[in-house]
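Engineer: Numbering (full-length UniProt numbering), first residue to last: 1 to 392.
Let me give you the structure first, and then I'll get to my questions.
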Amino acid sequence: MIFNWMSIKFIKENLLVIISQVALIFLTYILVRYQYRSPKSELILTKQEEEDLIRNNKIDSLTSYKHNDVFDKTIKYLENNEVSYKFVSTDIFNYNSKLDIKRLADKIIDNGIGTCGPRGFYGTSIDHIELEEIISVFHNKEAALVYSNSSAGKISTICCFVKPKHTVFIRDTANEIIKRAVLKSKAVVVYFKNYSDLINQLKIESNFKIIIIEDLSLMTGQYFNKINELCDKKEELGFRMILDVNYFSLKRLYNDKIDIIMGSLPFNGGYAVTTNDNIGYMRINAKAYVFSASLPVFLIEANKQFLSRLYKDSEFDNSKIRKFYKNYKNIISSVNSPIVVLKVSDAYKVQHDLISKEKILIEAFNKNYVRFYLNDDVTEKEIEKILNKSKD
């Protein structure tokens with residue numbers, strides 16, 4: 001009797017709590033049970049309705065060209081396909097025309113154009129594994145990890161090893177991918193201008209220091225020529241190093257003391273090359289790991305053909321522009337760089353003038369800089385036209 005009285009009293013005092021708990025359990029059941037279901041009437045369309053939707057669909061442009069009048073005129077020239085694109089082509093060795101198309105076609109027939117899955121699982125081909133072996137042997141490292149996209153690969157590599165309590169050192173002219181990756185890692189960021197400035201910055205107290213540096217800067221066209229000297233100070237200053245390379249500079253020899261090398265591939269894809277332990281760690285812990293098998297096999301084959309040719313060819317011939325460095329002081333890139341960067345007063349005006357008057361397209365960025373790439377198809381006369389237009 002006493003028990004029944006106490007039970008009734010407990011229920012009365014906690015009735016609201018009991019009702020809310022029962023309602024929460026019921027609501028959770030409904031959400032779990034029916035979360036993936038939609039009324040069939042919403043998904044079934046007649047053939048005519050599908051065609052009407054496709055015909056009437058008006059997709060907004062992903063970008064709105066509202067920069068300025070000069071920029072708008074430039075876009076019109078590009079849309080009319082009236083210009084030469086060879087100065088914005090990164091195929092500096094003209095390997096596109098030397099690809100074995102028959103082999104690429106065979107890869108598409110055998111493997112299709114898309115794959116998926118981590119290395120060793122569905123989608124992985126012997127070509128993926130062979131490319132990783134080629135890259136690791138070239139860099140004299142134990143193992144490599146191939147990504148389907150170079151930007152995702154660099155962000156994945158950096159965020160895997162750079163943690164919030166670390167201090168990371170990057171150049172003030174680092175490319176946007178490195179800057180975004182470091183920002184995403186939430187580490188303490190220290191910017192440096194040059195080698196001597198970096199050495200001074202490295203003397204600060206920190207539990208863990210990581211340097212991320214580009215061998216050839218995309219933003220300045222300048223090589224970092226103090227890599228060996230920097231590696232010699234690793235033990236003294238206590239830091240780790242991640243080197244970002246691209247296929248313009250793959251012929252350069254890199255110091256064995258570099259912890260991780262990450263790079264870009266010409267036919268899409270990127271990679272990280274380091275020790276077996278680091279690669280294993282990346283496969284498990286990298287937050288943005290874009291699986292190697294996601295890079296289609298025919299692009300893997302194209303990258304393999306590129307690397308096999310690159311290893312045999314001589315260094316890039318920069319003689320076409322070398323003689324201009326003396327008279328054009330606004331060239332800020334290294335004299336032996338295939339990336340030529342010019343400092344100008346109005347980058348978009350220079351770009352527009354070259355397109356409208358010379359039918360030559362170059363890249364404009366950061367308002368005061370233009371960039372173009374050298375290759376075998378470029379002539380000295382065309383280079384001189386670009387340089388003359390860039391003079392203030």
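Yeah, the Cβ is synthetic: ideal placement off N, Cα and C, and Gly gets one too.
#1: Looking only at its own chain, which residues have a Cβ that is under 7 Å from the Cβ of S333, when we skip the five neighbours before and after it?
#2: Please work out which residues of its chain come closer than 8 Å, Cβ to Cβ, to N94, disregarding the five sequence neighbours upstream and downstream, and give them in chain order.
#3: If the criterion is Cβ atoms closer than 7 Å, does the pair K359 and V189 meet it?
#4: Would E380 be called buried (16 or more neighbouring beta carbons within 10 Å of its own) or exposed?
#5: Specify the secondary structure class of S64 as computed by DSSP and reduced to three states.
#6: With respect to the alpha helix (DSSP H) encompassing K234, which residues constitute its N-terminal and C-terminal limits?
#7: May I have the straight-line CA-CA distance separating D100 from K304, to the nearest angstrom?
#8: When DSSP labels each residue in this structure, what does S84 get in the three-state scheme?
#9: Mark I284 as exposed unless 16 or more other C-beta atoms lie within 10 angstroms of its C-beta, in which case mark it buried.
#10: Could you check whether M241 and K145 sit closer than 7 Å to each other, using their CB atoms as the reference points?
#11: Tell me whether V370 is buried or exposed, calling it buried when 16 or more other Cβ atoms sit within 10 Å of its Cβ.
#12: So, does the segment 200-218 touch the segment 159-178, judging by three or more C-beta pairs under 8 Å?
#13: Cβ of S185 within 7 Å of Cβ of G270?
#14: Between the beta-carbon of V335 and the beta-carbon of S390, is there less than 7 Å?
#15: Using the C-alpha atoms, what's the distance from A286 back to F224?
#16: Mind checking whether K343 and N330 have CB atoms under 7 Å apart?
#17: Could you spell out where the alpha helix (DSSP H) holding K186 opens and where it closes?
#18: Let me know the secondary structure DSSP gives A174 once reduced to three states.
#19: Distance, Cα to Cα, D91 vs K233?
#20: Does the distance from the CB of L243 to the CB of I261 come in under 7 Å?
#21: Going by C-alpha distance, which of K165, I212 and D197 is nearest A181?
#22: Where does K209 fall in DSSP's three states?
#23: What residues in its chain sit with their C-beta under 8 Å from that of K226, if we drop five residues either side in the sequence?
#24: Can you give me the C-alpha to C-alpha distance between V88 and A364, rounded to a whole angstrom?
#25: Residue 420 by DSSP, collapsed to three states: which one?
#26: By the 10 Å Cβ neighbour count, where 16 or more other Cβ atoms means buried, how is S319 classified, buried or exposed?
#27: Contact check, D52 vs E301 under 8 Å by CB: the rounded distance?
#28: I383 bridges to which residues according to DSSP?
#29: In chain order, what residues of the same chain have a beta carbon less than 6 Å from the beta carbon of I177, not counting five sequence neighbours either side?
#30: List the endpoints of the continuous alpha helix (DSSP H) containing K141.
#31: Does P296 pass the burial test, meaning 16 or more other C-beta atoms within 10 Å, or should it be called exposed?
#32: Can you give the beta carbon distance from S148 to S294, rounded, assuming they're within the 8 Å contact cut?
Structural biologist: In short, the structure shows the following:
#1: Walking along the sequence shown from the start, residue 333 turns up at place 333. The beta carbon of S333 lies closer than 7 Å to those of T220, G221, Q222, I339, V340 and V341 in the same chain, with the five residues before and after it left out.
#2: Taking the sequence shown and counting its residues from 1, the one referred to as residue 94 is at position 94. Same-chain partners within the cutoff: N375, D376 and D377.
#3: Taking the sequence shown and counting its residues from 1, one reaches residue 359 at position 359. Taking the sequence shown and counting its residues from 1, one reaches residue 189 at position 189. Contact: no.
#4: If you number the sequence shown from 1, residue 380 lands on position 380. It counts as exposed.
#5: For the purposes of this step, residue 64 is taken as the residue at position 64 of the sequence shown. With a pLDDT of only 49 at S64, under 50, the local geometry of the prediction cannot be trusted, and no value is derived from it.
#6: Mapped onto the sequence shown, residue 234 falls at position 234. Segment K234 to L237, the alpha helix (DSSP H) holding K234.
#7: As a working mapping, residue 100 is identified with position 100 in the sequence shown. As a working mapping, residue 304 is identified with position 304 in the sequence shown. C-alpha separation (whole angstroms): 11 Å.
#8: Walking along the sequence shown from the start, residue 84 turns up at place 84. Under the three-state reduction of DSSP output, S84 falls in the strand class.
#9: The residue labelled residue 284 in the question sits at position 284 within the sequence shown. Exposed, since its Cβ has fewer than 16 Cβ neighbours within 10 Å.
#10: Translated into the one-based positions of the sequence shown, residue 145 becomes position 145. Translated into the one-based positions of the sequence shown, residue 241 becomes position 241. Note that residue 145 is Leu in the sequence shown, not Lys. Result no, Cβ atoms of L145 and M241 do not sit closer than 7 Å.
#11: By one-based count along the sequence shown, residue 370 stands at place 370. Burial call: buried.
#12: By the Cβ test, the segment 200-218 is in contact with the segment 159-178, since at least three Cβ pairs between them sit closer than 8 Å.
#13: To locate residue 185, count along the sequence shown from 1; it is residue 185. To locate residue 270, count along the sequence shown from 1; it is residue 270. In this structure, G270 does not lie closer than 7 Å to S185 by Cβ.
#14: On the sequence shown, residue 335 is found 335 positions in, with the first residue counted as 1. On the sequence shown, residue 390 is found 390 positions in, with the first residue counted as 1. No, these two residues do not count as a Cβ contact at 7 Å.
#15: Along the sequence shown, one-based indexing puts residue 224 at 224. Along the sequence shown, one-based indexing puts residue 286 at 286. Using only the alpha carbons, I get a separation of about 28 Å.
#16: Position 343 of the sequence shown holds residue 343. Position 330 of the sequence shown holds residue 330. A contact, by the Cβ cut-off of 7 Å.
#17: Within the sequence shown, the letter at position 186 stands for residue 186. Where K186 is concerned, there is no enclosing alpha helix (DSSP H), given that its DSSP letter is neither H nor E.
#18: Your numbering for residue 174 matches position 174 in the sequence shown. DSSP places A174 outside both helix and strand once states are collapsed to three, so it counts as coil.
#19: The residue given as residue 91 occupies position 91 in the sequence shown. The residue given as residue 233 occupies position 233 in the sequence shown. Going by the C-alpha atoms only, they are around 36 Å apart.
#20: For this step, residue 243 is matched to residue 243 along the sequence shown. For this step, residue 261 is matched to residue 261 along the sequence shown. Going by C-beta atoms, L243 is nearer than 7 Å to I261.
#21: Your numbering for residue 181 matches position 181 in the sequence shown. That would be I212, whose Cα lies nearest to the Cα of A181.
#22: Along the sequence shown, read from residue 1 onward, the residue named residue 209 stands at position 209. Residue state, collapsed to three classes: strand.
#23: Here residue 226 refers to the residue found at position 226 of the sequence shown. Contacts found: Y195.
#24: In the sequence shown, the residue the question calls residue 88 occupies position 88. In the sequence shown, the residue the question calls residue 364 occupies position 364. Distance between the alpha carbons of V88 and A364 is about 10 Å.
#25: This structure does not reach residue 420, given that the chain is present from 1 up to 392, and the question cannot be answered.
#26: Along the sequence shown, read from residue 1 onward, the residue named residue 319 stands at position 319. By the 16-neighbour rule on beta-carbons within 10 angstroms, S319 is exposed.
#27: The residue labelled residue 52 in the question sits at position 52 within the sequence shown. The residue labelled residue 301 in the question sits at position 301 within the sequence shown. Not really, about 42 Å apart at Cβ, beyond 8 Å.
#28: The count along the sequence shown starts at 1 and reaches residue 383 at position 383. None, per the DSSP bridge assignment.
#29: Position 177 of the sequence shown holds residue 177. Within the same chain, I177 has close Cβ partners S151 and K154.
#30: Within the sequence shown, the letter at position 141 stands for residue 141. Note, K141: premise wrong, no alpha helix (DSSP H); not H, not E.
#31: To locate residue 296, count along the sequence shown from 1; it is residue 296. With 16 or more other Cβ atoms within 10 Å, it is buried.
#32: Position 148 of the sequence shown holds residue 148. Position 294 of the sequence shown holds residue 294. Contact holds; Cβ gap of about 4 Å.
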